[in-house]
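Here is the structure we will look at.
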C-alpha cells in the first residue's frame, strides 16, 4: 500500500520507519529540506519537498494511488487543510493529527468524517490515556488494553522476593493464577525472548504478561508488587500532555497537583482545570516538592517538555518516596535508560502517536495494535476468518512464526488464556504478541 | 468633554421625564391639580427642549462622557421628578420632595408620607411611574428608543446597569436595550392583569405592578401589600423575586430556553439565599410566636424576598421580630439582588466572587505557590474583575460607615442610622427601629433626608458613576482625544 506522510517531525519519522519496515511504499512530504535529507538517509522511503496543504505536492507524492494519508505535522490546522486538499475517494483513508484541546470540546464541528478527515489522532491525549492506564495498574511499566479492558497486557518487573522468582515458567503462570495469566515475553539484559515452560524467571526480569482484568492484583502479587489504587497524583510541567492528564484524573475523582514553571501557562491551566491545584514553581525545586508532599503521592508524573528535566524531577520524586513515577521522554534512546536508572515507567508521545496511527494502518483483520516502548514489539488483535490456515488446529500443532505467541483468545464475551490444546475458531479474535521481525509473517496467517 | 453634546443628551432625558409625567395629568385634572402638573411638565419639558436644541448633532460619546451623562442625568431627573410633589403641595419641604423623587427613581420605596391613602391619585401614580422608569433605567430606555447616542450607547448602558458585566442579548446595544425593556414591560403587564384577576382595583394593580417589577416598594396603601389578600401577597413574592433576577435570563427563558435560570450560577446563589434565609426566619418566628401557620410562613418568605430583591414591600412589622431574623434581613439587604436586575444592593454576583476569592486566599495560605483562580460556577473570573469587586466592597463599607455616622450625627439612634443608610444604599426602603416597615422617613429632618437621597443615588449608580463627577479629571478636555 502506498502511504503518504505529511510532516517529517518526530511522529512522522517514527511512523515512516515502522511502515517502511513492514514493506509499505512510504512517501514523506515536508517543507523543510534538511528534515527530508535526514529521513531519506535513514529510511527506505521517498521524500517530496512541499506543503502537504498544496494539491500539487500531494499529486507529486502520488495521492492517486495512495491508500493512506497521514497528516502529522505539529500544526493542527495544516494537518486539517492537508486532509481537505486531498481528494476524497474510495480506498483512501485520511488521518489528521490534531492536538489542540479546543477541537475536542463538546459540540465541536470537528468530528471524524468532517472536513474530509477519516480519523483524528491526538498524540498528547493518547499519551495521557496510556499514563492513566499505567496508574491503574500501579507497578506496571506498560499497559495495553484489549476488548474494552477485559484483557490487558502488562509489563512488570520481577521484584526481590517475588513468589515466581527462581522458578521455571511451567510451574507458575497458568497453574497459580487460575488460568488467566500468561507470560508472553521476558526481557533480560536487553534481549527479548519468547519464553517456553522451561524458561526460569529471575529477579530483575521484565515480564510481559497477558491477564484478564480481574487478575491484575494477582499478577502484581506474583511479581512481588502490592496493588493499590492511586488517589493523589502530582504532575510536573505544563505541557499539553499535562492538560489532558489532569483532566482525565480529575474526571476520575483523583486529587491532582500540577506544578508549572511558566507563570502565564500556570494561570492558563489553573483556569482550565477547575478541580486541580496548580502551583507556579520550578519542578526541580526540591524544597517545594517536599512542602507539597511529593513523598506522600501515589504517583508522580514528569511531563515537562524537556527530557532531562523530567528525568531529574522523577529521580527527586522517587527519592522522596513517591510510590509510582512515570516519566515522559521524547528521545527514544532515553526510554531504556530511564528504566536502568530506576524509574518505574517511561512514556513517549511519539511512540504513543505511532501506536495510535499503526493501529489504523493494518485495518481489515487487525483490530487493534500496540507498540511496546522498550523493544518495539507489537501486540496485535487479529480476527480469525474462514480463510485462515489456523482454524480448527490445536495451537501446539501450529508452526507459529518464531518471535510470536498467541497470548489470549477472545471468544464472544469470554477471554481464554490459551494452552497448547486450545484451538482457534472462526469469529475469535487472537491476541498475538510479536517481535518486530515476526509481525509480517503473523499477519499473513490471518487473511482478511 | 463637549458641553453641547451633554446638554443635548440631558435635554433628551428631561423631555423623556416630562413625557412620563403626561399619564398623571388626567388624574391631576380630575382632582384639581391641573396647575401643578402643567407647571411641572412645562418647566421640565422647556428645559429639556432648550438642552435638546443646544446642538443639532452629537459627535459620539466616549467612555468618560458616558459616565458624566449618566451621573448628571440621574441628578437632573431626580430634581425634575420632585417638582410635582412640591407644586401639588404634598411635600412638607424641598428636601422631602427630593427624597421622595430620589426614592422613586432609585426604586428604593422609602417615603416621607405617614399616611398614603390621603395623597392625590395623580401623585400616587407618579410615584409608581418613577419606580418603573428608574427600575430598568432611563438611560437604557433612552438607548432603546433613541438611537441618538450612537456608538457611545454601550458606555452609557454599562454605567447604568448594575452588576459586573453587561450581557448583550444582541450584538447591537440598541437591540439589547429594546429586548430588556420589552421583557420588563411584558412582565409588568402580566402582573397587573394577575392582580386584577385576584381582585385588586385597576388603579392599585397598575401601581403595584410597576412598583413590584421595578423592585421599588411604593404602595397606594399605608399598610403596603399587607392591605391585600394572601394570594396577592404570594403572587407578589414571585414577581419581586423575578424583579431581582437578571433580565437577560428572563429573556432567555421567555424565548424558549427553559433551563436558563437553573444554569446560571448567580441565580442559584440568589435562590439558595432566599430559601435559606426564609427558612431560618420561619423557624425563628414559629418558635417566638408559637404558631406555624401559613401566615407565619408568608410573613417570613415575603419579608425575605422583599428585602433581598430590594423591593421593600411589607406585610408584617419585621422591626419587632426576633433579633436573629432582623440580622439576617440586614444581611440580605446588603447582598441584594442579581446583577442586571432592577434590584439594588451589593449584588449576589459580587458576593459570590468575594466568597470564592476568600476561599482561594485560604487555599493560598496552605499552598503558597498555588495559582488560585476565582470562579463563578465553572467560569474563571479575571483578576481585574476580582479587584474591582473588592474595591466595590470597600466603597460600599466606607460609604455605609460615612452615611451611618452622618445620620447618627443628625440625631438618629445607631440601629436606625445603620439600617437606614444600608436600606438607602441597597434601594430597599424600610429599615429597622424608627424607620421600620410601619414607620416612615418624614420625621428624620431635612438634612438626614438629603443624606439619604445621596446614598440612594450612590447605591443605584454603583458609586463610580456618581463619584467620578467629583473628579476634576473628568471635566478636563482630553488632549487630542477628538
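Residue numbers (my numbering), protein chains in the order written: chain A, 566 to 1013; chain B, 508 to 989. C-beta: ideal position from N, C-alpha, C; glycine also. Predicted, not measured: the structure shown is a model, and the values here were computed from it.
Just measuring C-alpha positions, the residue of B/935, B/931 and B/544 sitting nearest residue 958 of chain B is B/931. Per the C-alpha coordinates, the member of A/886, A/828, A/994 and A/807 positioned closest to residue 914 of chain A is A/807. Here the segment 820 to 827 of chain B makes no contact with the segment 855 to 866 of chain B; the two share fewer than three CB pairs at distances below 8 Å. Neighbourhood of residue 638 of chain B in chain A, by CB distance below 8 Å: empty, with the nearest CB roughly 41 Å away. Secondary-structure assignment with DSSP links residue 614 of chain A through a beta bridge to A/595. The beta-carbon of residue 812 of chain A is placed no less than 8 Å from the nearest beta-carbon of chain B.
Classified as exposed, residue 682 of chain B has fewer than 16 neighbouring CB atoms from the shown chains inside 10 Å of its CB. About 11 Å separates the beta carbons of residue 840 of chain B and residue 850 of chain B, which is beyond the 8 Å limit, so they are not a contact pair.
Among the residues facing chain A, residue 859 of chain B is not included, as its CB has no counterpart in that chain under 8 Å away. Around the CB of residue 607 of chain A, fewer than 16 other CB atoms lie within 10 Å, so the residue is classed as exposed.
Of the candidates B/533, B/575, B/543 and B/529, the residue whose Cα lies closest to the Cα of residue 979 of chain B is B/575. For a cut-off of 8 Å, the C-beta gap from residue 845 of chain A to residue 822 of chain A is around 12 Å, too long to register as a contact. In terms of beta-carbon proximity, residue 882 of chain B lines the interface with chain A, with at least one pair separated by less than 8 Å. Boundaries of the beta strand (DSSP E) harbouring residue 752 of chain A: 746 to 753, taken from the DSSP string. Three or more Cβ pairs drawn from the segment 593 to 607 of chain B and the segment 542 to 553 of chain B lie within less than 8 Å of each other, which places the two stretches in contact.
Residues of chain B whose Cβ lies closer than 8 Å to the Cβ of residue 819 of chain A do not exist, since the nearest Cβ in that chain is about 17 Å away.
Within its own chain, the residues whose Cβ lies closer than 6 Å to the Cβ of residue 831 of chain A, once the five positions on either side in sequence are excluded, are 825, 843 and 845, listed in chain order. The C-alpha of residue 927 of chain B is placed about 36 Å away from the C-alpha of residue 536 of chain B.
Shown here, residue 815 of chain A sits in a helix according to DSSP, grouped into three states. Residue 937 of chain B counts as buried, since no fewer than 16 other beta carbons sit within 10 angstroms of its beta carbon. For residue 717 of chain A, the enclosing beta strand (DSSP E) covers residues 716 to 722. Residue contact with chain B for residue 921 of chain A: absent (no Cβ-Cβ distance below 8 Å to any residue of chain B). The alpha-carbon separation between residue 512 of chain B and residue 677 of chain B amounts to approximately 27 Å.
DSSP places residue 886 of chain B within a strand segment (E or B) once states are collapsed to three. Using a CB distance cut-off of 8 Å, residue 854 of chain A does not count as an interface residue toward chain B. Within the same chain, 614, 721 and 849 come within 6 Å of residue 642 of chain B by CB-CB distance, once the 5 residues on both sides are set aside.
Only exposed fits residue 872 of chain B, as fewer than 16 other CB atoms lie within 10 angstroms of its CB. Of the candidates B/519, B/807 and B/776, the residue whose Cα lies closest to the Cα of residue 555 of chain B is B/519. Among the residues facing chain A, residue 878 of chain B is included, as its CB has a counterpart in that chain under 8 Å away. For the C-beta of residue 832 of chain A, the chain B residues within less than 8 Å are, from N- to C-terminus, 878 and 880. The three-state secondary structure of residue 979 of chain A, taken from DSSP, is strand.
Counting only residues of its own chain and dropping the five nearest sequence neighbours on each side, residue 753 of chain A has a CB closer than 6 Å to the CB of 770. Under DSSP, the beta-bridge partners assigned to residue 733 of chain A are A/765. Checking the DSSP bridge columns, you'll see residue 569 of chain A partnered with A/592 and A/634.
With respect to residue 855 of chain B, residue 773 of chain B sits close: the two C-beta atoms are nearer than 8 Å. Residues of the same chain with a CB within less than 6 Å of the CB of residue 944 of chain A, apart from the 5 flanking positions on each side, are 709, 718, 935 and 998 in chain order.
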